[in-house]
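Visitor:
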Amino acid sequence: MAVQRADLRRQVDTHWRRGLSYLKIGLRWLMGVVHKGRDFLPFDALLYRDPEPCFASAKAKQKHLEQFSIERVQTFYCSA
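Take 1 as the starting number for the sequence shown in my numbering and just add one per residue.
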């Protein structure tokens, strides 16, 4: 996640669709730290939602965009 936040993702995931998982991106960055002298980035916790999701197909992207969240709503009545 630190690589993504530092806007360095394209250095380790050069494919135009950027389809690597955060685990693979992190491992590739660590390999770059060891072999290419890249800076070691501080650890960031994973976010609940992916800030920049990628999709395997246009159909998968459309399905994701059509999703909606359902929240539970409770109503309390007070008698005065």
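For each residue, glycine too, the CB sits at the ideal point set by N, CA and C.
Under the assumption that residue 34 contacts residue 25 (Cβ atoms under 8 Å), give the Cβ distance between them as a whole number of angstroms.
Guide: So it is not a contact: roughly 15 Å between Cβ atoms.
Visitor: Given residue 38, which residues of its chain have a CB within under 6 Å of its CB, disregarding the five upstream and five downstream residues?
Guide: Excluding sequence neighbours, residue 38 sits near 32.
Visitor: Using three-state DSSP, classify residue 22 as helix, strand or coil.
Guide: Three-state result, residue 22: helix.
Visitor: Below 8 Å on the Cβ atoms is my contact criterion, and I expect residue 2 with residue 65 to pass it. Report the Cβ-Cβ distance as a whole number of Å.
Guide: Their Cβ separation, rounded to whole angstroms, is 27 Å, which puts residue 2 and residue 65 out of contact at 8 Å.
Visitor: Short of 8 Å in beta carbon distance, which residues of its chain neighbour residue 28, apart from the five on each side in sequence? Order them along the chain.
Guide: If we look at residue 28 and ignore the five residues flanking it on each side, its Cβ neighbours are 12, 13 and 20.
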